[in-house]
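In numbering that gives the first Met the number 0, the protein residues as written are 0 to 399. We treat Cβ as the ideally placed atom computed from N, Cα and C, and that holds for glycine. Here's the structure, in structure tokens; my notes come after.
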Amino acid sequence: MNNSVIHVLFVVSKYRLNTKDKSVIKCRITYNKQRKEFSSGITVNPSNWNSKLQLVKLSEPDAELTNTQLSLIRTKLHQAFLFLQVNEVEYDVNDIYLQYKGKPLKKDYGVVEVYNLYLLRIKKLIGIDIKQVTYDKYVESGRHLKSFIKYKFKSNDIKLKTLRSSFVTHYEYFLKTEKKFQQSTLNKAIQRFRRVIKYALSEDYLAKDPFIMYKPKTVKKKILFLSPEELKKLEQTNFEINRIQQIKDMFVFCCYTGLGFSEMSNLKKSNIVTEFDGNLWIHVLRNKTNGFYKVPLLPKAKEIMEVYINEDSEYVFPRMSNPKFNAYLKEIANVVGIEFNLTHHIARKTFATTVLLYNNVPIEIVSKLLGHSKIQTTQDSYGEIIQRSVSEQMEKLKNY
């Protein structure tokens, strides 16, 4: 049996009056540091209310009847509380109120149980609002959550109502120490769990948000990109093996267009459009944001495209998987002398930095050409590069 006590307090506001200058008597239940306030349906003149004695003064019409009604409310609340205690179910202040009102208690969900409900919900959205890969990541994060609950609580699940801010702190520590997650990977796992909790709150499965005091640690990743010299050297290097030459050309094409791997792989001839300025532009759907954006076809990108575009295929480039593409890039990096791990994503970073920002293209335009939905995303990602560009411009002004 739970040894906690329930506190019942009647409250009258002096400032919220009806047309008869009376105020509603509100009942406030406090249990386990949680509050629930509701209207008693009884009104009183605030000057006739004794808050210390919790009684209506006899100067109020029907004072005895009103005090009896308030006493009855208090008694029924204590009876509801006692009923829940005797039945030894887990409950909170909202459950006490529901029992008082004679309403059935809401199902007492478990953390893993709700996570699985959320998985069922988003599974139906695959191909509509989310991608299969996103769903798979939620499934993976769910496995980590189950592993933590088993590790910490020696159980397959725990009640959702028992969640406190300490649960999130301990889960974060577990991912860091037991799973050896880097901060950025850890943040993603916590973020997915947070979305499940928001779902639980919206469905009224949970009364209080355990994330209310939580602040994730921000991680600033160092941006890897090809310098102007490295890009030039890569462009000038040719390979005898046709497949490797193709990979190099496709990578350089993306260095001058900023296309992600999926956009490059799915690029069709129909995506190349003559725009208002008479020049060729690429119109593509950004897979990550699911929004369309446009990018001009620069001369070097156009030159590469013309080598590969043909009548036999609707696609501009040969198609292959991202892992295979990146495997070839490792070979290319070794030949060219690029010391960091070269992946397709670095082409997009090179477009943003070496091709655009290093040539003083305004951040607003860079954001548009990258297909970012918010300029803040661009500023957060390339802030250091922007600062360097500002510094270089200020150096020029010293001799002005």
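- In this structure N278 touches P295 by the C-beta definition: roughly 6 angstroms separates them, less than 8 angstroms.
- In the structure shown, E36 falls within a strand segment according to DSSP collapsed to helix, strand and coil.
- Annotated three-state conformation of F152 is helix, per DSSP.
- If you look at S201, you'll find it in the alpha helix (DSSP H) that goes 182-201.
- Straight through space, the alpha carbons of L69 and I24 are spaced by roughly 9 angstroms.
- By the CB criterion at 8 angstroms, C253 and L230 fall outside the cutoff.
- The DSSP-derived three-state label of L57 is coil.
- In the DSSP annotation of this structure, Y30 is not part of any alpha helix (DSSP H); the continuous beta strand (DSSP E) holding it starts and ends at 22-30.
- Distance from the Cα of N17 is smallest, within the candidate group L328, R318, T42, S164, for T42.
- By DSSP's assignment, V43 forms a beta bridge with S22.
- By the CB criterion at 8 angstroms, K207 and Q98 fall outside the cutoff.
- Taking the CA atoms as reference points, L355 sits about 12 angstroms from K367.
- In the structure shown, T273 adopts extended strand secondary structure according to DSSP, grouped into three states.
- V11 and K19 have their C-alpha atoms roughly 15 angstroms apart.
- Counting only residues of its own chain and dropping the five nearest sequence neighbours on each side, V365 has a CB closer than 8 angstroms to the CB of A351, L355, L356, T377, Y381.
- Following the DSSP letters along the chain, one finds V10 in no alpha helix (DSSP H) but inside the beta strand (DSSP E) bounded by residues 5-11.
- Note: Y172 is not bridge-paired with any residue in the DSSP secondary-structure output.
- Beta-bridge pairing by DSSP links L279 to T273.
- Per DSSP, reduced to three states, the secondary structure at P103 is coil, with no helix or strand assignment.
- When only Cα atoms are considered, E139 and K216 end up about 21 angstroms apart.
- For the set H169, S264, T342, the Cα lying nearest the Cα of V283 is the one of S264.
- Around the CB of G126, fewer than 16 other CB atoms lie within 10 Å, so the residue is classed as exposed.
- The beta carbon of K145 sits closer than 6 angstroms to those of V111, all from its chain and outside the five residues before and after it, given in chain order.
- Going by beta carbons, I362 and F224 fall outside the 8 angstroms limit.
- The stretch 110-150 is shown to contain whole alpha helix (DSSP H) runs of 4 or more residues at 110-122, in chain order.
- Rounded to whole angstroms, the Cβ separation of Y150 and E171 is 13 angstroms, and the two are not in contact under 8 angstroms.
- Minimum Cα-Cα distance from Y314 among the listed residues I271, S183, N155 corresponds to I271.
- L258 and R347 have their C-alpha atoms roughly 6 angstroms apart.
- Under DSSP, no beta-bridge partner is assigned to F166.
- The stretch 128-136 makes no contact with the stretch 66-84; the number of CB pairs closer than 8 angstroms stays below 3.
- When the Cα atoms are used, M304 and N325 turn out to be separated by approximately 20 angstroms.
- For the pair Y213 and S164, the CB atoms are nearer than the 8 angstroms cut-off.
- Between C26 and S46, the CB-CB gap reaches or exceeds 8 angstroms.
- Rounded to the nearest whole angstrom, the CA to CA distance from V7 to K220 is 53 angstroms.
- K373 and F291 have their alpha carbons spaced roughly 14 angstroms apart.
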